[in-house]
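Here the structure is laid out as structure tokens; the discussion comes afterwards.
Residue numbers (the working numbering), protein chains in the order written: chain A, 1 to 255; chain B, 256 to 449.
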């Protein structure tokens, strides 16, 4: 190919760059913007692959291989758009259960008893510090709840890996999570106490791994508890609508 | 096509082995970045808050960097064309331009990082920043590797008989460079525009 043709491809690439950037500031729906921008990026990629990488002139590599790119991206885009469906969970078991009395230890190493939460509205979640799966997302959502809930609402993160989650480990985790001391508590204790609290008290799933290195499976739900220790609902932390619902319910309980 | 451009060796695949090797390496690189990009999308789908375009990151800075990298792909492709035209002077010019543009990209990226650090955004401060620094960091390392590879190729061009004996190296290095550009073509919309 001549220099002039390479220059022409460059003009197209820059025009597409300008178009994609411009679309991002247009007042169109997110879905349309995502699809259009990814479509434009796929054309840019195809131009680079076909002309700059000479794929158009390589007879041994079929052209259709290049066509997979846009489909792959469209798949990713739809995952993004329909994430609510992908990450959905069945509705929680209903009932007006109460949280049983518990005696645990908080991240400062001091005992933490259920009595301290009496008369307060609180939100609980279940995490462990070495968890690389859903916990970072749950904790990030809890942090956003910390900012959006009324200041009177307490937050409680209960470790489902109490053997490894010492108060010191939890204190470090709390700091990284940006937890307000005295409002967002991180609790650990004996494995039996935790298991009975999660399963018997909150009626949420919890299973220990089979051996070392095996992941602990646990619920990704937030539980909302009222001033009398009654569980008012559990909300899928990965579902934006459920979290909005939690904010509304908690706000009503406080007022 | 000149005899020197593909080193003239017949192989059972019909593709020069060095080029085939680079394509295989790039296939593994696609998997590497697909994993990171996939992780970012899944994390994003599960989060309530993800910055809107332009809220945390500067679109103009990233658009400038995209412009720089797309231009460097053009100069790289012209370098390969210069090999085909047996024009070593132009080859050196285009390689130098590619190296300068790649370095400019890294300079702009470094400036962007310094802005983020000044605002207290580091890896580990939020999942968005983890994704941002992981993706752009690994991409930046790839750009740096490409600049070094092109510097090495540029130094080879001063050997006598380079075009005939080693001319195909420019194309191999170019394939890698275009791949680095391709990754950015997707990172730019993913992190900045949508």
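Note that CB positions come from ideal geometry on N, CA and C, so glycine has one too. Note that the structure is predicted; figures quoted are calculated from it, not measured.
{"Item": "Excluding five sequence neighbours on each side, which residues of the same chain lie with their C-beta closer than 6 Å to the C-beta of residue 186 (chain A)?", "Value": "107, 157, 170 and 174"}
{"Item": "Tell me, please, whether the segment 378 to 393 of chain B touches the segment 401 to 417 of chain B by the rule of three or more beta-carbon pairs shorter than 8 Å.", "Value": "no"}
{"Item": "Could you spell out the range, first to last residue, of the beta strand (DSSP E) harbouring residue 124 (chain A)?", "Value": "122 to 127"}
{"Item": "Short check: CB of residue 34 (chain A) to CB of residue 225 (chain A), under 7 Å?", "Value": "no"}
{"Item": "For a cutoff of 7 Å on Cβ pairs, would you count residue 277 (chain B) as touching chain A?", "Value": "no"}
{"Item": "When you compare each of B:315, B:343 and B:440 to residue 423 (chain B) by their alpha carbons, which one comes out closest?", "Value": "B:343"}
{"Item": "Cβ closer than 7 Å: which chain B residues qualify as neighbours of residue 180 (chain A)?", "Value": "By Cβ distance, chain B contributes nothing, its closest Cβ being about 16 Å from residue 180 (chain A), past 7 Å."}
{"Item": "Could you tell me whether the Cβ of residue 127 (chain A) comes closer than 7 Å to any Cβ of chain B?", "Value": "no"}
{"Item": "Does any residue of chain A have a CB that is nearer than 7 Å to the CB of residue 416 (chain B)?", "Value": "no"}
{"Item": "Looking at the unbroken alpha helix (DSSP H) that takes in residue 315 (chain B), where does it start and where does it end?", "Value": "314 to 339"}
{"Item": "For residue 342 (chain B), go through chain A and note every residue whose CB falls closer than 7 Å to its CB, in chain order.", "Value": "Neighbours of residue 342 (chain B) on chain A: none; closest Cβ ~10 Å, over 7 Å."}
{"Item": "Does the CB of residue 217 (chain A) have a neighbour CB from chain B at under 7 Å?", "Value": "no"}
{"Item": "Could you tell me the boundaries of the beta strand (DSSP E) in which residue 113 (chain A) lies?", "Value": "111 to 113"}
{"Item": "Which residues in the same chain as residue 218 (chain A) place their Cβ atom closer than 6 Å to its Cβ, once the five residues preceding and following it in sequence are excluded?", "Value": "126, 160 and 206"}
{"Item": "Distance cutoff 7 Å, beta carbons only. Does residue 461 (chain B) sit that close to anything in chain A?", "Value": "Past the edges of chain B, shown from 256 to 449, lies residue 461 (chain B), and the structure says nothing about it."}
{"Item": "Just verifying my parser: in three-state terms, what is the DSSP assignment at residue 357 (chain B)?", "Value": "helix"}
{"Item": "When you compare each of B:268, B:323, B:289 and B:369 to residue 432 (chain B) by their alpha carbons, which one comes out closest?", "Value": "B:323"}
{"Item": "Residues of the segment 307 to 323 of chain B in Cβ contact with chain A at a cutoff of 9 Å, in chain order, please.", "Value": "308, 309, 314, 315, 317, 318, 321 and 322"}
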